[in-house]
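Engineer: Top to bottom, those sequences are chains A and B. So the first sequence is numbered by my numbering: it starts at 43 and just counts up by one. So the second sequence is numbered by my numbering: it starts at 14 and just counts up by one. Glycine included, every Cβ here is placed at the ideal spot set by N, Cα and C. Pasting a structure here, questions to come.
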Amino acid sequence: MSSSGPSSQPAFAMPSAVSFRNVSRAFGSVRAVDRLSLDIDEGEFFAMLGPSGSGKTTCLRLIAGFEQPDDGHIEIFGETAEGVPPYKRSVNTVFQDYALFPHMSVGENVAYGLMIRGVSRAEREAKARAALEMVKLGGYELRRPAQLSGGQRQRVALARALVNEPKVLLLDEPLGALDLKLREQMQEELKALQKELGITFVFVTHDQGEALSMANRVAIFNEGKIMQVGSPVEIYERPRSRFVADFVGSSNVLPPKFAAAHGGTAYWTSLRPERIGVFAPGTLVPAVQAHADGIVTSINYQGSATRFCVTTDEALLTAETPATAARYRQGDGVRLIWPKSAMVAMEAET
Amino acid sequence: MSSERGAAPLGLKIAAVAGLLFLHLPLALIFLYAFTTEERSFAFPPPGYTTQWFGIAWSERPDIWPPLWLSLKVAAIATALSLILGTLAGAALSRTKFFGRETISLLFVLPIALPGIITGISLRSAFDIMGLDFSMWTIILGHATFCIVVVYNNAIARFRRLSGNLVEASMDLGANGFQTFRYVVLPQIGTALLAGGMLAFALSFDEVIVTTFTAGQQSTLPIWMLSELIRPRQRPVTNVVAVFVFLVTLLPILAAYFLTREGEHAGGSSK
């Protein structure tokens, strides 16, 4: 982590889109954001993932300017952000509840930022129309927000933010209020839009599936701190702490003693359920694999997959197999087999 | 209990009608006496009917005009003052939660529940202590104490329905505080303020008690009417003025009623 300010950096180094240096923000006695450092690169689709109250939304509001840090330093494209009010930042937000102005038409909503900046009526109407077409709502200019469905409102909110050509677009739980089908569709559209525009997108979510499928990089938040930052694959395959292993997907977190006895090392170890195969007792185990014998205590049928909870001598393991491979019943003795390479030793105990 | 559901007992119906008559018949009489030919006393039934008092009030009684102008000025300025202060107070108290908020809210509303005579006496002694001479401005201050309440009540109810995110969204889109108020907040709370302002105007226009304590030598229209009742000549002129006061106060109250009712519809509540 470089501690040098922008002035001491060489001129050709491109500053991060957003940079946090030891930023803290407390509400009363609660440290919502706790000495947090973070760099978001230009053009990234960056996800802030964490349980509610983990500080991710506060981080977003710090970037937008709705909150000011108590301590630390924030830069947006190399410019100091502290003390700069929201209306002077080249950052726009898509709010969780969309926050469309109910007394304005859709077109007026989208043109609002341009109107404030003094853009002429003809130009802002043309730009608003183009922005609405971009989110597939061409021809909706004269409607009222109350006449739109949830998905349409969200598109209007998106158009209203993007029409200002922000350097960073912030999205606060953008898909939280939509139903599953629509959510999947919007995920694809947001991804495509971000690629097309090349704008830095920062979005906050508590839905790990959403974060993993949409973002280039994910930061996992817990208690005001970032537990891990990395690509979705890194986060999922190489969790560095029990919290990350548990929060992103589900994981068998093995105690050091069990891990060492079953092909791993004497650290807390993460083992994903889908890496464990369920076999008949006594099945031969190759050298690159590890095993544990136990009894099936419960079966959870999930359509595309089946989850087995298996009690062994020292641990309770969950294995996930394709539904077609599931032929064991509750109470059956089974042998669980997994590649030793699937065992990920974690640095942090918590 | 044996009576049908929905139908009130006959006795109750009679009582209700009697109550309404008791409340509104005097109003009708005031209208009636504005047209009487008898100018010294209010005899019932009037011996004859005439519209001459309207002409006389308009052209032969210059003593009506100064109190009328004073009343209009006082009501207008007190309303403007309470619109500003009441809106600010409503905005502040609806936005934040802090210890003692409910108490402060109560203190804002209290002046309207307080007997006018208490408000009057306390303001009078306060003005004395401050060494303020009685003038139009002391009347305005007196009226503002209760005018603020109606504006505040209307404003805070609307502010509570206003999503806080709208203000943030506006700021996010580049609008400063003034622009946000102008383009986002004001259109949302406009009808509530208009209704509150009209009520405030009506309250101020016919106020007597607080005015008695806070006015010096000047009279507002209601006080002029009070003094006029003692004189034995051209009595119906007072009634003509009363009809005028009635209209000036009733119309804004009706408008306020319909404005706020519409606002509730817009808010999505039924009926």
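(1) Ignoring anything shorter than 4 residues, give me the alpha helix (DSSP H) runs that lie fully in the stretch 244-320 of chain A, in order along the chain.
(2) Using only CA atoms, which one of B:L207, B:A157, B:Q247, B:I222 lies nearest to P265 (chain B)?
(3) Determine the burial state of F111 (chain B): buried for a count of at least 16 other Cβ atoms within 10 Å of its Cβ, exposed for fewer.
(4) Anyone know if the C-beta pair for D185 (chain B) and N134 (chain A) falls short of 7 angstroms?
(5) Between F143 (chain A) and chain B, is the shortest Cβ-Cβ distance under 7 angstroms, so that the two count as touching?
(6) Find the residues of chain B that neighbour T135 (chain A), judging by a C-beta separation of less than 7 angstroms, and give them in chain order.
(7) What does the alpha-carbon distance come out to for the pair I43 (chain B) and R173 (chain B)?
(8) In terms of alpha-carbon separation, which member of A:S312, A:A201, A:S66, A:S162 lies closest to F285 (chain A)?
(9) Are any of the Cβ atoms in chain D nearer than 7 angstroms to that of I158 (chain A)?
(10) Buried or exposed for E451 (chain A), please, with buried defined as at least 16 other CB atoms from any protein chain shown within 10 angstroms of its CB.
(11) Which residue from A:V205, A:G240, A:G251 puts its Cα closest to that of E215 (chain A)?
(12) When you compare the CB of A182 (chain B) with every CB in chain A, is at least one pair closer than 7 angstroms?
(13) Please classify H145 (chain A): does DSSP put it in a helix, a strand, or coil?
(14) So, under 8 angstroms CB-CB, Y278 (chain A) and L296 (chain A) are touching, yes? Tell me the CB distance rounded to an integer number of Å.
(15) Can you give the beta carbon distance from A334 (chain A) to L378 (chain A), rounded, assuming they're within the 8 angstroms contact cut?
(16) For C306 (chain A), which residues from the same chain have a beta carbon less than 6 angstroms from its beta carbon, with the 5 sequence-adjacent residues on both sides left out?
(17) Is there a Cβ from chain A that is less than 7 angstroms from the Cβ of L179 (chain B)?
(18) If you draw a straight line from the alpha carbon of L224 (chain A) to that of L123 (chain B), how long is it in whole angstroms?
(19) From which residue to which residue does the beta strand (DSSP E) around F48 (chain B) run?
(20) Are the stretch 82-100 of chain B and the stretch 230-241 of chain B touching, with three or more C-beta to C-beta distances below 8 angstroms?
(21) Taking all protein chains shown into account, do 16 or more other C-beta atoms lie within 10 angstroms of the C-beta of A28 (chain B), making it buried, or fewer, making it exposed?
(22) Since G107 (chain A) and A123 (chain A) should fall inside the 8 angstroms C-beta cutoff, what is the C-beta to C-beta distance between them, to a whole number of angstroms?
(23) Here's the rule I'm using: 16 or more other beta-carbon atoms within 10 Å means buried, otherwise exposed. How should H278 (chain B) be labelled?
(24) What first and last residue would you give for the beta strand (DSSP E) that runs through S66 (chain A)?
(25) In the DSSP assignment, the alpha helix (DSSP H) including P79 (chain B) goes from what residue to what residue?
(26) Report the residues of the stretch 148-177 of chain B with a CB closer than 7 angstroms to any CB of chain A, ordered along the chain.
(27) For A301 (chain A), I'd like the list of residues in its chain whose CB is within less than 6 angstroms of its CB, leaving aside the five on either flank, ordered along the chain.
(28) Are there 16 or more other CB atoms within 10 angstroms of the CB of K26 (chain B), so buried, or fewer, so exposed?
(29) Let me know if M13 (chain B) comes out buried or exposed under the rule of 16 or more other beta-carbons within 10 Å of its beta-carbon.
(30) Within a Cβ cutoff of 7 angstroms, which residues of the same chain sit near L179 (chain B), ignoring the five residues on either side of it in sequence?
(31) Who are the near neighbours of G99 (chain B) in its chain, counting only those whose CB is closer than 7 angstroms to its CB and skipping five residues on each side?
(32) Can you list the residues of chain B that A106 (chain A) reaches, using a CB-CB cut of under 7 angstroms?
(33) Please report the Cβ distance between I116 (chain A) and V65 (chain A), rounded to the nearest whole angstrom; I am assuming they are in contact, meaning their Cβ atoms lie under 8 angstroms.
(34) Using a cut-off of 7 angstroms between C-beta atoms, extract the partners of N258 (chain A) located in chain B.
(35) According to the Cβ coordinates, are D374 (chain A) and V338 (chain A) closer than 7 angstroms?
(36) For L211 (chain A), is the classification buried or exposed, using 16 other Cβ atoms within 10 angstroms of its Cβ as the cut-off for buried?
Structural biologist: In short:
(1) 250-256, 274-279, 284-289, 298-303
(2) B:L207
(3) exposed
(4) yes
(5) yes
(6) D185
(7) 42 angstroms
(8) A:S312
(9) Looking at the structure shown, chain D is missing, and the protein chains on hand are A and B.
(10) For chain A, the structure presents residues 43 to 392; residue 451 (chain A) sits outside this window and is missing.
(11) A:G251
(12) yes
(13) coil
(14) Actually they do not touch by this definition, with Cβ atoms about 17 angstroms apart.
(15) 5 angstroms
(16) According to the sequence shown, residue 306 (chain A) is Gly rather than Cys. Same-chain partners within the cutoff: M385.
(17) yes
(18) 52 angstroms
(19) No beta strand (DSSP E) holds F48 (chain B); DSSP gives it neither H nor E.
(20) yes
(21) exposed
(22) 7 angstroms
(23) Annotation note: pLDDT 42 at H278 (chain B) (below 50); position unreliable, coordinate value reported separately. When all chains shown are included, H278 (chain B) counts as exposed.
(24) 60-69
(25) 78-108
(26) S176
(27) T311
(28) exposed
(29) This structure cannot settle anything about residue 13 (chain B), because the visible part of chain B is limited to 14 through 284.
(30) V197
(31) I161, V164, Y165, A168, G209
(32) D185
(33) 6 angstroms
(34) What N258 (chain A) touches in chain B: nothing, since even the nearest Cβ is about 24 angstroms away.
(35) yes
(36) buried
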